[in-house]
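If you number the sequence shown the way this note's numbering does, the last residue is 143 and the count never jumps.
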Amino acid sequence: MTTFTPEYITTKSRIAEHLGAAGWSVASPRDREVSCMIAQKEYQTAVGGKTATISLEPWTTCLMLVSDYQSEGSNALSTNSLMVKPEIDDSTLAAAIGKYTASVDKAVDGTYARRLHLQFPKSA
(Lines of atoms letter the chains of each structure in order from A and count residues from 1; the text may use other names and numbers.)
(Lines give C-alpha, C1' and ligand atoms only; values in the text may rest on other atoms or scores of the structure.)
Protein backbone atom coordinates (compact mmCIF):
# COMPACT_ATOMS: atom_id res chain seq x y z
CA MET A 1 0.00 0.00 0.00
CA THR A 2 1.33 3.43 -0.90
CA THR A 3 1.48 6.46 1.37
CA PHE A 4 -0.58 9.57 0.62
CA THR A 5 -3.10 7.95 -1.71
CA PRO A 6 -6.73 9.10 -1.30
CA GLU A 7 -7.45 5.81 0.51
CA TYR A 8 -4.55 6.39 2.93
CA ILE A 9 -5.54 10.01 3.58
CA THR A 10 -9.19 9.10 4.22
CA THR A 11 -8.23 6.29 6.61
CA LYS A 12 -5.80 8.59 8.41
CA SER A 13 -8.51 11.23 8.86
CA ARG A 14 -10.94 8.66 10.26
CA ILE A 15 -8.32 7.46 12.75
CA ALA A 16 -7.49 11.06 13.72
CA GLU A 17 -11.14 11.68 14.65
CA HIS A 18 -11.17 8.66 16.96
CA LEU A 19 -7.82 9.57 18.53
CA GLY A 20 -9.02 13.13 19.15
CA ALA A 21 -12.14 11.75 20.85
CA ALA A 22 -9.85 9.56 23.00
CA GLY A 23 -7.96 12.60 24.32
CA TRP A 24 -5.00 12.64 21.96
CA SER A 25 -3.84 15.90 20.36
CA VAL A 26 -4.33 15.48 16.63
CA ALA A 27 -1.46 16.76 14.49
CA SER A 28 -2.07 19.80 12.35
CA PRO A 29 -3.46 19.19 8.85
CA ARG A 30 -0.08 20.21 7.40
CA ASP A 31 1.85 17.76 9.61
CA ARG A 32 -0.55 14.97 8.68
CA GLU A 33 -0.21 15.92 5.01
CA VAL A 34 3.60 15.67 4.89
CA SER A 35 4.26 12.87 7.39
CA CYS A 36 2.82 9.63 8.74
CA MET A 37 2.10 11.19 12.15
CA ILE A 38 -1.50 11.39 13.30
CA ALA A 39 -1.53 12.40 16.96
CA GLN A 40 0.48 12.87 20.14
CA LYS A 41 -0.14 12.75 23.86
CA GLU A 42 1.81 14.34 26.70
CA TYR A 43 2.46 12.26 29.83
CA GLN A 44 3.76 13.72 33.07
CA THR A 45 6.74 11.83 34.49
CA ALA A 46 9.26 12.19 37.29
CA VAL A 47 11.55 14.00 34.83
CA GLY A 48 8.90 16.27 33.33
CA GLY A 49 6.53 15.97 30.38
CA LYS A 50 7.24 13.32 27.75
CA THR A 51 5.41 12.81 24.47
CA ALA A 52 4.05 9.68 22.80
CA THR A 53 3.16 9.75 19.12
CA ILE A 54 0.94 7.62 16.90
CA SER A 55 1.58 7.29 13.17
CA LEU A 56 0.01 5.42 10.27
CA GLU A 57 2.54 3.53 8.16
CA PRO A 58 1.87 1.74 4.89
CA TRP A 59 2.72 -1.96 4.80
CA THR A 60 2.48 -4.32 1.86
CA THR A 61 -1.17 -5.37 2.27
CA CYS A 62 -2.53 -2.99 4.91
CA LEU A 63 -1.84 0.08 7.00
CA MET A 64 -0.20 -0.20 10.40
CA LEU A 65 -0.79 2.10 13.36
CA VAL A 66 2.50 2.42 15.27
CA SER A 67 3.57 4.37 18.35
CA ASP A 68 6.70 5.91 19.78
CA TYR A 69 7.55 6.86 23.37
CA GLN A 70 11.21 7.16 24.27
CA SER A 71 12.12 5.83 27.71
CA GLU A 72 15.57 4.87 28.95
CA GLY A 73 17.01 5.10 25.45
CA SER A 74 14.49 2.98 23.57
CA ASN A 75 10.96 3.03 22.22
CA ALA A 76 8.75 1.65 25.01
CA LEU A 77 5.93 1.24 22.46
CA SER A 78 7.91 -0.68 19.84
CA THR A 79 5.71 -3.75 20.26
CA ASN A 80 2.42 -1.81 20.10
CA SER A 81 0.86 -1.82 16.66
CA LEU A 82 -2.56 -2.17 15.06
CA MET A 83 -3.25 -3.45 11.56
CA VAL A 84 -5.85 -1.26 9.84
CA LYS A 85 -7.62 -2.15 6.61
CA PRO A 86 -9.07 0.95 4.90
CA GLU A 87 -12.47 -0.72 4.49
CA ILE A 88 -12.94 -1.21 8.28
CA ASP A 89 -16.30 0.14 9.47
CA ASP A 90 -16.43 3.04 11.95
CA SER A 91 -17.73 1.11 14.97
CA THR A 92 -15.04 -1.56 14.60
CA LEU A 93 -12.40 1.12 14.07
CA ALA A 94 -13.55 3.03 17.17
CA ALA A 95 -13.38 -0.12 19.31
CA ALA A 96 -9.94 -1.02 17.95
CA ILE A 97 -8.61 2.50 18.57
CA GLY A 98 -9.98 2.38 22.13
CA LYS A 99 -8.15 -0.88 22.84
CA TYR A 100 -5.01 0.39 21.15
CA THR A 101 -4.84 3.65 23.13
CA ALA A 102 -5.51 1.72 26.37
CA SER A 103 -2.54 -0.53 25.58
CA VAL A 104 -0.39 2.55 24.85
CA ASP A 105 -1.39 4.11 28.20
CA LYS A 106 -0.61 0.86 30.02
CA ALA A 107 2.82 0.55 28.40
CA VAL A 108 3.70 4.20 29.12
CA ASP A 109 2.49 3.87 32.72
CA GLY A 110 4.88 0.94 33.10
CA THR A 111 7.97 2.97 32.16
CA TYR A 112 10.34 3.92 34.97
CA ALA A 113 9.89 7.72 35.05
CA ARG A 114 6.12 7.47 34.59
CA ARG A 115 5.81 4.83 37.35
CA LEU A 116 7.76 7.08 39.72
CA HIS A 117 5.47 10.00 38.91
CA LEU A 118 2.34 7.89 39.48
CA GLN A 119 3.66 6.46 42.76
CA PHE A 120 5.10 9.71 44.11
CA PRO A 121 3.36 12.67 42.46
CA LYS A 122 4.77 16.08 43.32
CA SER A 123 2.51 17.97 45.66
CA ALA A 124 1.35 21.42 44.61
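The beta carbon of each residue, even a glycine, is placed where N, CA and C say it ideally should be.
Do residue j and residue i have their beta-carbon atoms positioned less than 8 Å apart in this structure?
| i | j | result |
| --- | --- | --- |
| I34 | I116 | yes |
| A40 | I57 | no |
| M83 | E76 | yes |
| Q89 | H136 | no |
| L38 | I73 | yes |
Classify residue i: buried if its beta carbon has 16 or more other beta carbons within 10 angstroms, exposed otherwise.
| i | result |
| --- | --- |
| V123 | buried |
| V53 | exposed |
| R51 | buried |
| A114 | exposed |
| W43 | buried |
How far does the alpha helix (DSSP H) with residue i in it reach, from first residue to last?
| i | result |
| --- | --- |
| E52 | P48 to V53 |
| A58 | Segment M56 to T64 is the beta strand (DSSP E) holding A58; no alpha helix (DSSP H) there. |
| D129 | What sits at residue 129 in the sequence shown is Gly, not Asp. Per DSSP, G129 belongs to no alpha helix (DSSP H) and is neither H nor E. |
| G29 | Correcting the residue type first, residue 29 is Thr in the shown sequence and not Gly. Per DSSP, T29 belongs to the alpha helix (DSSP H) from P25 to A40. |
Specify the secondary structure class of residue i as computed by DSSP and reduced to three states.
| i | result |
| --- | --- |
| A143 | Any reading at A143 must be qualified, since the residue scores a pLDDT of 38, below 50, and its modelled position is unreliable; the value itself is stated next. Three-state DSSP puts A143 in coil, outside helix and strand. |
| L75 | strand |
Residue ranges of each alpha helix (DSSP H) within the region 68-120, 4 or longer: For the region 68-120, not a single whole alpha helix (DSSP H) run of length 4 or above is found.
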